[in-house]
Amino acid sequence: MENKEDILRRGRLSAGPSEEVNAFSSSIPADRWIFRSDITVDRAHTVMLARQGIISKEDAASILKALEKIESEGVDAVNIPVFEDVHMAIESKLIKSVGENVGGRMHSGRSRNDEVATCIRISARQELLGIMAELLDLRMAILNLAGENVDTVMPGFTHMQHAQPTTLAHHMMAHISALDRDFERLADAYKFININPLGSAAFASTGFPLDREYTTALLGFDRPMDNSMDGVSARDFILDTVSKLAILEVDLSRMADELILWSTSEFGFIELADTYSSTSSIMPQKKNPDILELIRGRCGTVIGHMVAAFSITKGLPYSYNTDLQEVTPQLLRSFEITRSSLRILTGAISTLKIKKDEMRIKSTMGFTTATEIADTIVRSTGLPFRTAHGIVGKLARGDGNPSLSEVDDASMDMIGKRLSDMGLTQKMLEEAKDPLKNIERRSVTGGPAISAIGKKIESENRKIKDDEGLYAGLVQKLKRSEDELSNAVKNTISG
């Protein structure tokens with residue numbers, strides 16, 4: 001299949017690829033994703049070429065005007081399927097617009113290798129910022145839910161068995177702690193993404209006197225990459241990012257899984273809003289948490305993308321190999337899934353109906369106060385905890401609501417003494433069996449007591465505000481670079 005518009009193959013190759021080869025090598029979804037980033041890179045590179053005297057300002061002005069028109073017409077107008085990729089599609093359309101004598105100069109000192117690496121980084125950082133914003137929203141939604149439920153008693157679980165009383169606030173703040181770390185990881189990933197490979201060319205840089213620091217500033221990067229071979233070969237920023245997205249997805253999946261369990265009749269802790277539920281095609285009574293199940297399921301998809309990215313990259317020699325084309329879609333799809341999962345989970349949590357009475361009733365089941373009874377025995381009698389543990393273990397064979405006489409019977413069997421003779425009173429025992437008093441005694445840092453959880457909520461509010469400031473700073477820096485590039489383009493065009 002001959003493509004007369006193919007400015008890339010006409011010199012070295014005498015024939016174009018077959019339709020089958022073209023389809024096999026196509027990367028259209030990823031190419032569409034980086035289209036606007038590609039235009040941005042073309043603009044910055046062209047402005048720099050003119051500034052360095054590598055091309056004339058007149059040619060640069062013509063190129064920049066044509067790029068503006070190409071961008072306004074959109075990605076479909078460049079007809080990517082006819083060419084090998086979006087880069088050649090844009091350049092071909094540019095040359096068709098202004099002629100090869102002008103448009104053919106844009107690629108001076110540049111390769112598709114450094115071009116695509118730069119475009120991926122620009123697109124990836126935008127996606128990452130979007131996910132950071134969604135994560136801030138989710139954290140705030142959970143924080144609001146926790147703030148409304150500092151005294152909502154519920155059972156805590158280990159091994160999916162009733163363990164100790166806690167509060168819904170304490171439970172949800174555990175999820176926030178994990179999401180806090182996720183945000184830190186994403187901010188860290190941004191640093192590895194936001195470095196500039198442009199100017200690396202194929203891998204050995206170029207003999208043209210490029211100003212890499214200038215394009216770094218125009219494109220909003222923190223610094224240029226300091227090895228040109230690394231510039232085109234490195235995809236560890238993708239491995240790093242998709243790994244951190246996979247960890248975030250695991251945290252979202254665990255939260256979704258709990259909400260699914262809590263919505264069942266067996267738990268009965270919550271009810272999902274109708275907008276986040278579905279029903280059955282045959283069973284009219286059903287209210288199914290399909291959306292949460294998809295969040296849980298798609299976590300596995302992101303983990304799969306992470307494994308694929310590592311597997312593709314692990315055996316590649318330096319520098320550039322087309323295998324790397326297969327890595328980008330793993331990142332793109334991971335971004336899409338994670339962002340939508342965050343948004344959906346935020347909405348589901350913001351509209352939850354909490355069944356407080358059911359939570360409190362369930363908190364008294366399964367002898368959840370056993371640990372506090374053992375602790376009370378230690379404090380009141382001076383017995384070692386392990387001895388108290390054994391006594392209460394005997395009581396666990398009963399109905400979970402032992403009387404003082406039953407405690408004495410168990411202690412007689414265990415140590416030959418009555419605990420009531422050693423300082424344990426009925427009042428102490430009743431307080432130990434009260435789930436709310438259990439909770440209030442756990443006022444250490446990180447505990448579920450209202451005082452402790454109140455401090456955690458306050459500190460989390462501050463942390464979210466700090467993270468919002470960090471996010472805003474990153475966005476503002478990119479805006480400043482966009483303005484600088486826009487002004488440079490205008491100045492170049494105006495002469």
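full-length UniProt numbering puts the first residue of the sequence shown at 1, with every later residue one more than the last.
Glycine included, each C-beta is placed from N, C-alpha and C at the ideal position.
Remember, predicted model here, so these are calculated numbers, not experimental data.
- Between residue 241 and residue 169, the gap from beta carbon to beta carbon reaches 9 angstroms or more.
- One Cα belongs to residue 250, the other to residue 175, and the distance between them is close to 11 angstroms.
- Short of 7 angstroms from the beta carbon of residue 327, and not among the five residues preceding or following it, lie these beta carbons of its own chain, in chain order: 235, 238, 309, 312 and 313.
- Distance from the CA of residue 325 to the CA of residue 27, rounded to the nearest whole angstrom, comes to 7 angstroms.
- A distance below 9 angstroms separates the beta carbons of residue 292 and residue 259.
- Relative to residue 37, the option among 108, 83 and 120 whose CA is nearest is 120.
- The alpha carbon of residue 430 has as its nearest neighbour, out of 466, 474, 247 and 404, the alpha carbon of 404.
- Beta-carbon to beta-carbon, residue 109 and residue 54 are separated by about 7 angstroms, close enough to satisfy the 8 angstroms threshold.
- For residue 330, the enclosing alpha helix (DSSP H) begins and ends at 328-350.
- DSSP, reduced to helix, strand and coil, places residue 285 outside both helices and strands of the structure shown, so it counts as coil.
- Taking all protein chains shown into account, residue 298 has 16 or more neighbouring C-beta atoms within 10 Å of its C-beta and is therefore buried.
- A straight line joining the alpha-carbon of residue 411 with that of residue 424 spans about 11 angstroms.
- Closest in C-alpha terms to residue 349, from the list 285, 277, 226 and 381, comes 277.
- Leaving aside the five residues that flank residue 280 on each side, the residues in its chain whose CB is nearer than 8 angstroms to its CB run, in chain order, 286 and 288.
- Collapsing the DSSP output to three states places residue 444 in coil.
- For residue 199, the number of other beta carbons within 10 angstroms of its own is at least 16, and it is reported as buried.
- When the Cα atoms are used, residue 155 and residue 428 turn out to be separated by approximately 21 angstroms.
- Fully enclosed alpha helix (DSSP H) runs of no fewer than 4 residues occupy 385-395 of the region 372-399, in order along the chain.
- With fewer than 16 neighbouring CB atoms inside 10 Å of its own CB, residue 273 falls in the exposed class.
- Judged by DSSP secondary structure, residue 45 falls outside any beta strand (DSSP E) and instead within the alpha helix (DSSP H) spanning 35-51.
- Two segments are said to touch when three or more pairs of C-beta atoms, one from each, lie closer than 8 angstroms; by this definition the region 78-88 does not touch the region 47-65.
- 220 is the residue among 220, 449 and 408 whose C-alpha sits nearest the C-alpha of residue 484.
- The beta-bridge partner set that DSSP reports for residue 270 consists of 354.
- Inter-segment contact for the region 95-106 and the region 301-308 is absent: fewer than three beta-carbon pairs are separated by less than 8 angstroms.
- DSSP places residue 221 outside both helix and strand once states are collapsed to three, so it counts as coil.
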